[in-house]
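If you're matching positions, the sequence shown starts at 105 in this note's numbering and goes up one per residue. Where is the CB? At the ideal position from N, CA and C, for every residue including glycine.
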Amino acid sequence: MMRVVRDFHQAGLDRASSVTIGVFDGVHRGHRYLIGQMVQDARQADRVATVVTFFPHPAIVLGKAAPPFYLLTPEERLAHLEALGVDLTVLMTFTPETARTRAADFVAALVRHLRMASLWVGQDFALGYRREGDLAYLRRAGERHRFSVHAVPPLKSEGRVISSNRIRQALKQGDLDDVVRCLGRPFQITGTPLNPSPAVEVEALVRAGDAPSPLLVWELQVWPERLLPAPGLYAGRVRWEGRELPTLAEIHPAFPAPRLYLTGNSRAPLSPPERCTLDFLTRLREQPYRDPEERSVRLITDLARVKSP
């Protein structure tokens, strides 16, 4: 089981570590390749496979970005790291003071508290105040402190570097194909499904003569700082407690949360579960329903498009 600590001082390691550092928002294919190299090195040398990561995102703290921005919640990020075989994650709170930390002080903490024997980073990596700790600096520091530095080239898809910013841009454009190319999996959100309000419109849908029975309509309450796909209609899959149903997901500027339309069966509850996960599979239309009238006319046909074959 992966240990999570909030500060270098809490690590308490009894042997050396292999380390990688980054935010790793999304834990995309490039992240997984880098972390995989570090984990493999740790296993071969009997070291602790260690990730140093940050929350909030430095771009948020430094005013370079604003929510909604994140591809994963902090808890989801940790779950992905554990699945990759990481032994220890140092989840540090990033503050303006963190940004002012000198590279020498950061490296000293890595060596002292993590007993760092090898450092695995991307080719454009730098740490410390004004990114003073670039690869050349880190290699010189490695000679002094006796740790090796390994620069891993970026992973590319269709000739372009895979990055969290590329994924964010694709989400804003509703380009799920590029999102999947970069993530290596469907884009997912997890939240609390609730019956939407007002319920009058939903009741009208349920009473429609050709509506499936039962027709379930949920609003998925998710972390407000999480980035969602562009408005539109999406074919998806909703999962909870070992169950799975195809769903039509509507992202609408007027809705407080993504709205899910799905047809129940003998396995599905008539009330929302406590938590569920939505996989976005395909963007069916760039525009959500214009109004309740269009929704009532087109919903059933659209639902038929997302049912399992």
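Other residues of its chain near K276: CB distance less than 7 Å, five sequence neighbours each side excluded: Stepping through the sequence shown from its first residue, residue 276 is reached at position 172. Counting only Cβ-Cβ distances below 7 Å, and skipping sequence neighbours, we find A334.
Minimum C-alpha distance to V152 - residue among I164, T193, R136, L231: The residue labelled residue 152 in the question sits at position 48 within the sequence shown. The option with the nearest alpha carbon to V152 is T193.
Euclidean distance between Cα positions of W327 and R216: Within the sequence shown, the letter at position 223 stands for residue 327. Within the sequence shown, the letter at position 112 stands for residue 216. Approximately 36 Å between the Cα atoms of the pair.
L214 versus C286: straight-line alpha-carbon distance, rounded: To locate residue 214, count along the sequence shown from 1; it is residue 110. To locate residue 286, count along the sequence shown from 1; it is residue 182. Whole-angstrom Cα-Cα distance: 30 Å.
Identity of the residue in A120, L182, V284 nearest A126 by Cα: Translated into positions along the sequence shown, residue 126 becomes position 22. Note that residue 126 is Gly in the sequence shown, not Ala. The shortest Cα separation from G126 among A120, L182, V284 belongs to L182.
Three-pair Cβ contact test at 8 Å for the segment 196-216 versus the segment 229-239: yes
H254 - containing alpha helix (DSSP H), residue span: As a working note, residue 254 is residue 150 in the sequence shown. Under the DSSP assignment, H254 falls outside any alpha helix (DSSP H), being part of the beta strand (DSSP E) whose first and last residues are 252-256.
Local conformation of I404 per DSSP, three classes: Your numbering for residue 404 matches position 300 in the sequence shown. Correct three-state label for I404: helix.
Buried or exposed by the 16-neighbour rule on C-beta atoms within 10 Å, applied to T199: For the purposes of this step, residue 199 is taken as residue 95 along the sequence shown, with counting starting at 1. Exposed.
Segment contact flag, the segment 110-121 with the segment 147-167, C-beta cutoff 8 Å, min 3 pairs: yes
Rounded C-alpha distance that separates E186 from D395: Along the sequence shown, read from residue 1 onward, the residue named residue 186 stands at position 82. Along the sequence shown, read from residue 1 onward, the residue named residue 395 stands at position 291. Their backbone Cα atoms lie some 44 Å apart in a straight line.
Rounded separation between I293 and G246 - CA only: Numbered from its first residue, the sequence shown carries residue 293 at position 189. Numbered from its first residue, the sequence shown carries residue 246 at position 142. Cα to Cα, the separation comes out at about 40 Å.
Where D145 falls: helix, strand or coil (DSSP): Your numbering for residue 145 matches position 41 in the sequence shown. Of the three classes helix, strand and coil, the one that applies to D145 here is helix, per DSSP.
Continuous alpha helix (DSSP H) stretch holding D281: start and end: Here residue 281 corresponds to residue number 177 of the sequence shown, with the count starting at 1. Start and end: 280-287.
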